[in-house]
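K.L.:
Take this structure first; my questions come after.
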Amino acid sequence: MWIRNCWYVAGFSEDVERKILARTFLNQAVILWRTSGGKVVAMEDRCPHRLVPLSIGQLVDDQVQCGYHGLRFGADGACSHVPGQDTLPRACQVKLFPVAERHALVWIWLGAADLADEKLIPDVHWMSSPGWTASKGYHHIEADYRLVNDNLLDLSHETYVHKETIGNGAVADSPVVATIDEGRVVRAHREMPNIIPPPFFAMMLNAPGRINRWQIAIHMPPGINMTEAGFHSVGTDRAKALMIRPLHLLTPETEHSTHYFWGTCRNFNHDDSVLTERIREGTAHTFDQDKHLLEIQDRALRAQGMPNIPQSAVKVDVGPVQGRRLLAALIEREQADPHAVAPTGTLAVDGKVTMPPAA
Amino acid sequence: MWIRNCWYVAGFSEDVERKILARTFLNQAVILWRTSGGKVVAMEDRCPHRLVPLSIGQLVDDQVQCGYHGLRFGADGACSHVPGQDTLPRACQVKLFPVAERHALVWIWLGAADLADEKLIPDVHWMSSPGWTASKGYHHIEADYRLVNDNLLDLSHETYVHKETIGNGAVADSPVVATIDEGRVVRAHREMPNIIPPPFFAMMLNAPGRINRWQIAIHMPPGINMTEAGFHSVGTDRAKALMIRPLHLLTPETEHSTHYFWGTCRNFNHDDSVLTERIREGTAHTFDQDKHLLEIQDRALRAQGMPNIPQSAVKVDVGPVQGRRLLAALIEREQADPHAVAPTGTLAVDGKVTMPPAA
Amino acid sequence: MWIRNCWYVAGFSEDVERKILARTFLNQAVILWRTSGGKVVAMEDRCPHRLVPLSIGQLVDDQVQCGYHGLRFGADGACSHVPGQDTLPRACQVKLFPVAERHALVWIWLGAADLADEKLIPDVHWMSSPGWTASKGYHHIEADYRLVNDNLLDLSHETYVHKETIGNGAVADSPVVATIDEGRVVRAHREMPNIIPPPFFAMMLNAPGRINRWQIAIHMPPGINMTEAGFHSVGTDRAKALMIRPLHLLTPETEHSTHYFWGTCRNFNHDDSVLTERIREGTAHTFDQDKHLLEIQDRALRAQGMPNIPQSAVKVDVGPVQGRRLLAALIEREQADPHAVAPTGTLAVDGKVTMPPAA
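Chains A, B and C, in that order, give the protein sequences. So the first sequence is numbered by numbering that gives the first Met the number 0: it starts at 0 and just counts up by one. So the second sequence is numbered by numbering that gives the first Met the number 0: it starts at 0 and just counts up by one. So the third sequence is numbered by numbering that gives the first Met the number 0: it starts at 0 and just counts up by one.
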């Protein structure tokens, strides 16, 4: 249900400090820590001696010291100290995982280590680029990550789930057009001209009256999502629209739980820290609602033996159905060839006016 | 372990209102709601689109609107609205279950729908008839419903479990005579002449001195139970005895949980609302004790792999053993013929003096 | 993973009173109670009638009365009373387990009853002998008892887990010598001359300055452990050393939970009840730390499918590895011959000066 040969987000850069952080990705228990030189290290969360989690131990200089019998392991995974003896057992090693830092995020590679090419890190530069200001946060979702992708690829649910923030009748009622770029990226585009702004948009625009709004649900499997939203007062120029590009970066924790790292990136009012906080609050509140719904859905599907969804496809499923197809093809390819690696695609280009989709 | 082709109690009539009520019966998740015309509707609690429970949605006029993407379904189970499109997908249907209202109860049929004949609804008219006043309540029991039947068919446990309400030494010490009527109804009859009344009976009689008491545990499988209890002061006429006919209506929720709808119906002091409440309290307290014991028993049996009980039969088992035999025959018959339907039997007749059993 | 033909500790003598005590040993639910004559009885915690736990019942004279239908069973396990009938069903019996009291402990035999020879009760007389004063306690550990044995046989963990009580760097840094006596008892001996006393030892010694300390982890499978610790001020006579002999008596409850009965027995200041309590507190605090660690380890091992440990053996593993070998041989022997019984060994001899191990 997931691929291994790709970079997953392991955390925000600021999550990894000079102490041990334990997280599980794809059922693999991992510890993350930072050396005195600033380098991030990712290791299996398991002492090779008596198999207790290394996360109950502590950092001693640039070594992890086990909390049970005091064995130590360096940033290379090798055992560097055994209390009560001078020789070091060579087989006593902790497994390392390739890691990289980019876009203010820590990325981890859980597949074949020799394939971990940093060029394959998805470009989500909006999280940390000049010209963009991000309101960041994290949700832990007790649901299959594919259900979160589905949710993000069919935004008609905003009308029913997010009435008080980003949804109103205009979302579900507007037609959606889906395309696939480079065989890697799904785009589900919806134009909503001349509508009453939902509360979250009214707050950001801070101007009275109706707006033109567009939204594009952008998805690169297995778990990179962006929701471009543009909006401007009716009668003003589309090229001057305000834009947010919320990133939703999903890393499976287990078959039924997901790390959801997010950042709502905007291209306006960069110095307004009150706005940054309001956007963070509104986004967090919105994703709380998704979390509630997705966890109910996951429990219901598990009780039914995980049938395929949708069982009855309707028009708004065009995005999720395309996303699931791309993902299934990636999984199938990696199962056939454990060294298969997929190239990355482009989520969005800066400095161009987003145009309505061709009919 | 259960039959499907019969009417089960789904709730009290007043439980089903102009909003969605979710309950599970025989492992089937169901929603119950009432149309603007007052008709009760029972549907599978599952949207056929992305399989979330419809119970997270809401009623919109006489349609159920899914809480995720807003699809709507009418009282006939057909899809009546899909946001963002004009055509309605014909295959997109919610399963309906036959329901009926009688005796102030909602009844549901979970078997073959074409067999759902309302003539098969068990006659428990004491819940709502003139001449009877019911003190009603509900217990959720985390135990196999068959253990609850066993409990109700061997009332000798009153001596040990219900000392402060309905039991004393006289119950367990008095012999029990069991009969089967119409091949459908088990009666386990016990006469207790000239005894000190247990507290609950003293409260209802409201007169000093010893009483004559009888009790009949009446059971129609799979889950209809009545405990007729008659009592009068020693030296007074049996024909003038006060009577309660507590109904215990059991609907399996899962293999190890049971909906227990009850009503302690009496034939005296109908206008005494304080008495109605005292009987409700006394009954609820008594069934709290049964719930505690039955849940311990169910856990113990599960830990032992659900062996048959009783392992050692004693005289008081005559009622439960007969009840289990009738139930096993019904289950066997339905498994052999999915269209088998059992007729209903008569729990009790009004206006006749209950006589002691033939020796 | 365990043997049955041996005496396990069921409780402290004072735990078993004139009421029913329920405990599970080796997955077997048991009740313990004391007759009016003072004899301890151990029975299966299950009424043979409807299989409810007898522990919800009560003692009536020298009989256990079931809390459901009032059946009674005597100290011989036979049914002595059935309400509502005069004859007693002969097959209606409760299983008995051999029990014995010795060293202020109740011992139970869960194997073949005819092999339950009281001569096989391990000698742990320090719990109740003149010349020794015990600070006693109990911990319930949610872990495989073998992990607790491992923990007790490699005390180098004191340095990392018990810094505030019994551990310091000297423990893990001092070499350990392991021996096996009589094919039954493992001893892992460590000498720590001229060290700063850890806080718990400083408290007991109540004298300033450095000490000589020795410790011997003593283990007789399946679950009898003693940690002899001697200590005296540097420059004083070893023969005059103070000694504690903490007993750690382990009885498996289930595959992943353990009854841990303990007593820290000392040979000094017998009348100092404040010291008795301080030792109890210090021991309890120390074992709280072990409990925390062992439960994490058990969960980690279960998640990994219970691999063998240690995966990488280091020098300090010599004790645990020997202990596991003896245990595995006992299990293998009992599986080959259900009547195999192992003789007991000697944990320690009183009145002799403990000498350093031969190099």
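Glycine included, each C-beta is placed from N, C-alpha and C at the ideal position.
Would you call the stretch 28-45 of chain A and the stretch 287-301 of chain A touching, i.e. three or more CB-CB distances under 8 Å?
P.N.:
The answer is no - the stretch 287-301 of chain A does not touch the stretch 28-45 of chain A, with fewer than three Cβ pairs under 8 Å.
K.L.:
Which value, in whole angstroms, describes the spacing of the CA atoms of residue 157 (chain A) and residue 169 (chain A)?
P.N.:
For this step, residue 157 (chain A) is matched to residue 158 along the first sequence. For this step, residue 169 (chain A) is matched to residue 170 along the first sequence. Cα to Cα, residue 157 (chain A) sits roughly 10 Å from residue 169 (chain A).
K.L.:
For the candidate residues A:97, A:138, A:334, whose alpha-carbon lies nearest to that of residue 279 (chain A)?
P.N.:
The residue you call residue 279 (chain A) lines up with position 280 of the first sequence. Nearest option by C-alpha distance: A:138.
K.L.:
Around the C-beta of residue 245 (chain A), are 16 or more other C-beta atoms found within 10 angstroms, so that it is buried, or is it exposed?
P.N.:
Locating residue 245 (chain A) in the first sequence gives position 246, counting from the first residue. When all chains shown are included, residue 245 (chain A) counts as buried.
K.L.:
Residue 296 (chain A) CB to nearest chain B CB: under 8 Å?
P.N.:
Numbered from 1 along the first sequence, position 297 holds the residue referred to as residue 296 (chain A). Judged by the 8 Å Cβ criterion, residue 296 (chain A) is in contact with chain B.
K.L.:
Apply the 10 Å Cβ neighbour rule to residue 316 (chain A) and answer buried if 16 or more other Cβ atoms are within range, or exposed otherwise.
P.N.:
Your numbering for residue 316 (chain A) matches position 317 in the first sequence. Its Cβ being crowded by 16 or more others within 10 Å, residue 316 (chain A) is buried.
K.L.:
Cα-Cα, which of A:254, A:218, A:342, A:203 is closest to residue 273 (chain A)?
P.N.:
In the first sequence, residue 273 (chain A) corresponds to position 274, counting from 1. Per the Cα distances, A:203.
K.L.:
Measure the beta-carbon distance from residue 267 (chain C) to residue 8 (chain C) and round it to whole angstroms, keeping in mind my assumption that it falls under 8 Å.
P.N.:
Here residue 267 (chain C) refers to the residue found at position 268 of the third sequence. Here residue 8 (chain C) refers to the residue found at position 9 of the third sequence. Not a contact, Cβ separation roughly 26 Å.
K.L.:
Under 8 Å between C-beta atoms, does residue 19 (chain C) make it to chain B?
P.N.:
Along the third sequence, read from residue 1 onward, the residue named residue 19 (chain C) stands at position 20. With 8 Å as the cut-off, residue 19 (chain C) does not count as an interface residue toward chain B.
K.L.:
Tell me whether the beta-carbon of residue 104 (chain C) lies closer than 8 Å to the beta-carbon of residue 11 (chain C).
P.N.:
Locating residue 104 (chain C) in the third sequence gives position 105, where the first residue counts as 1. Locating residue 11 (chain C) in the third sequence gives position 12, where the first residue counts as 1. Cβ distance < 8 Å, so residue 104 (chain C) and residue 11 (chain C) count as in contact.
K.L.:
If you measure from the beta carbon of residue 119 (chain C) to each beta carbon in chain A, is any gap under 8 Å?
P.N.:
Here residue 119 (chain C) refers to the residue found at position 120 when the third sequence is read from its first residue. Chain A, which has no Cβ nearer than 8 Å to the Cβ of residue 119 (chain C), makes this no.
K.L.:
Mind checking residue 71 (chain C): buried by the 16 CB within 10 Å criterion, or exposed?
P.N.:
Here residue 71 (chain C) corresponds to residue number 72 of the third sequence, with the count starting at 1. When all chains shown are included, residue 71 (chain C) counts as buried.
K.L.:
Tell me the residue span of the beta strand (DSSP E) that contains residue 224 (chain C).
P.N.:
The residue given as residue 224 (chain C) occupies position 225 in the third sequence. Counting along the chain, the beta strand (DSSP E) containing residue 224 (chain C) begins and ends at 223-232.
K.L.:
Judging by CA-CA distance, which residue of A:69, A:124, A:241, A:166 is the nearest neighbour of residue 284 (chain A)?
P.N.:
Counting from one through the first sequence, the residue named residue 284 (chain A) turns up at place 285. Nearest of A:69, A:124, A:241, A:166 to residue 284 (chain A), Cα basis: A:166.
K.L.:
Quick check on the DSSP output: what are the complete alpha helix (DSSP H) runs of length 4 or more inside the stretch 141-198 of chain B, in order along the chain?
P.N.:
List check, alpha helix (DSSP H) in window: 144-152, 157-160, 168-172.
K.L.:
If you count every other CB in all the chains shown that lies within 10 Å of the CB of residue 193 (chain C), and 16 or more means buried, which is it?
P.N.:
Sequence index remark: in the third sequence, residue 193 (chain C) carries index 194 (1-based). Residue 193 (chain C) is exposed by the Cβ-count criterion.
K.L.:
Decide if the stretch 204-215 of chain A is in contact with the stretch 12-21 of chain B; the criterion is three or more beta carbon pairs, one per stretch, under 8 Å apart.
P.N.:
As far as the Cβ criterion goes, the stretch 204-215 of chain A does not touch the stretch 12-21 of chain B, which means the pair count is below three.
K.L.:
Three-state secondary structure (DSSP) at residue 31 (chain B)?
P.N.:
Position 32 of the second sequence, counting from 1, holds the residue named residue 31 (chain B). DSSP places residue 31 (chain B) in strand when its eight states are reduced to three.
K.L.:
Could you check how far apart the C-beta atoms of residue 187 (chain C) and residue 318 (chain C) are, in whole angstroms? I think they sit under 8 Å.
P.N.:
In the third sequence, the residue the question calls residue 187 (chain C) occupies position 188. In the third sequence, the residue the question calls residue 318 (chain C) occupies position 319. 3 Å between Cβ atoms; contact.
K.L.:
Secondary structure at residue 39 (chain B), three-state DSSP: helix, strand or coil?
P.N.:
To locate residue 39 (chain B), count along the second sequence from 1; it is residue 40. In the structure shown, residue 39 (chain B) sits in a strand (DSSP, three-state: E or B).
K.L.:
Taking 8 Å as the cut-off, decide whether the C-beta atoms of residue 106 (chain C) and residue 99 (chain C) are in contact.
P.N.:
Start at 1 with the first residue of the third sequence, and residue 106 (chain C) comes out as number 107. Start at 1 with the first residue of the third sequence, and residue 99 (chain C) comes out as number 100. Yes, the pair counts as a contact, with Cβ atoms nearer than the cut-off.
K.L.:
Taking DSSP's pairing of strands, which residues face residue 7 (chain A) in a bridge?
P.N.:
The residue labelled residue 7 (chain A) in the question sits at position 8 within the first sequence. In DSSP, residue 7 (chain A) forms a bridge with A:107.
K.L.:
According to the neighbour-count rule (16 or more other Cβ atoms, all chains shown, within 10 Å of its Cβ), is residue 26 (chain C) buried or exposed?
P.N.:
The residue you call residue 26 (chain C) lines up with position 27 of the third sequence. Residue 26 (chain C) comes out exposed.
K.L.:
Between the Cα of residue 344 (chain B) and the Cα atoms of B:161, B:95, B:179, B:114, which residue gives the shortest distance?
P.N.:
Locating residue 344 (chain B) in the second sequence gives position 345, counting from the first residue. Per the Cα distances, B:179.
K.L.:
Pick helix, strand or coil for residue 12 (chain A), following the three-state DSSP scheme.
P.N.:
On the first sequence, residue 12 (chain A) is found 13 positions in, with the first residue counted as 1. Three-state result, residue 12 (chain A): helix.
K.L.:
On the CB-based measure, 16 or more other CB atoms within 10 Å of its CB, does residue 195 (chain B) come out buried or exposed?
P.N.:
Counting from 1 along the second sequence, the entry for residue 195 (chain B) is found at position 196. Exposed.
K.L.:
Are there 16 or more other CB atoms within 10 angstroms of the CB of residue 296 (chain A), so buried, or fewer, so exposed?
P.N.:
One-based indexing of the first sequence puts residue 296 (chain A) at position 297. With 16 or more other Cβ atoms within 10 Å, it is buried.
K.L.:
For the stretch 62-85 of chain B, enumerate the residues whose C-beta is nearer than 9 Å to any C-beta of chain A, in chain order.
P.N.:
Taking 9 Å as the Cβ-Cβ cut-off against chain A, the residues of the stretch 62-85 of chain B that qualify are 64, 65, 66, 67, 68, 69, 70, 78, 81, 82, 83, 84.
K.L.:
Just curious, the beta strand (DSSP E) that residue 319 (chain C) is in, first and last residue?
P.N.:
Against the third sequence, residue 319 (chain C) aligns to sequence position 320. No beta strand (DSSP E) contains residue 319 (chain C), which is instead part of the alpha helix (DSSP H) from 317-335.
K.L.:
Pull out every residue of the stretch 149-178 of chain A whose Cβ sits closer than 8 Å to any Cβ of chain B, in chain order.
P.N.:
Correct list: 149, 153, 155, 156, 158, 159, 160, 171, 172, 173, 174, 175.
K.L.:
Of the residues that make up the stretch 310-329 of chain C, which ones have a beta carbon closer than 7 Å to any beta carbon in chain A?
P.N.:
Within the stretch 310-329 of chain C, the residues whose Cβ lies closer than 7 Å to some Cβ of chain A are 310, 311, 313, 314, 315, listed in chain order.
K.L.:
Which partner residues does residue 245 (chain B) have in the DSSP bridge list?
P.N.:
The sequence position of residue 245 (chain B) within the second sequence is 246, counting from 1. Residue 245 (chain B) pairs with B:263.
K.L.:
Can residue 232 (chain C) and residue 208 (chain C) be called in contact, C-beta distance under 8 Å?
P.N.:
Residue 232 (chain C) sits at position 233 when you count from the first residue of the third sequence. Residue 208 (chain C) sits at position 209 when you count from the first residue of the third sequence. Yes, these two residues count as a Cβ contact at 8 Å.
K.L.:
Find out if the Cβ-Cβ distance for the pair residue 74 (chain A), residue 34 (chain A) is shorter than 8 Å.
P.N.:
To locate residue 74 (chain A), count along the first sequence from 1; it is residue 75. To locate residue 34 (chain A), count along the first sequence from 1; it is residue 35. Going by C-beta atoms, residue 74 (chain A) is nearer than 8 Å to residue 34 (chain A).
K.L.:
Residues in the same chain with beta-carbon distance under 6 Å from residue 123 (chain C), minus the five sequence neighbours each way, listed in chain order, please.
P.N.:
Along the third sequence, one-based indexing puts residue 123 (chain C) at 124. Excluding positions up to five away in sequence, the list reads 102, 246.
K.L.:
Taking the continuous beta strand (DSSP E) assigned at residue 63 (chain A), which residues delimit it?
P.N.:
The residue given as residue 63 (chain A) occupies position 64 in the first sequence. Where residue 63 (chain A) is concerned, the enclosing beta strand (DSSP E) stretches over 62-64.
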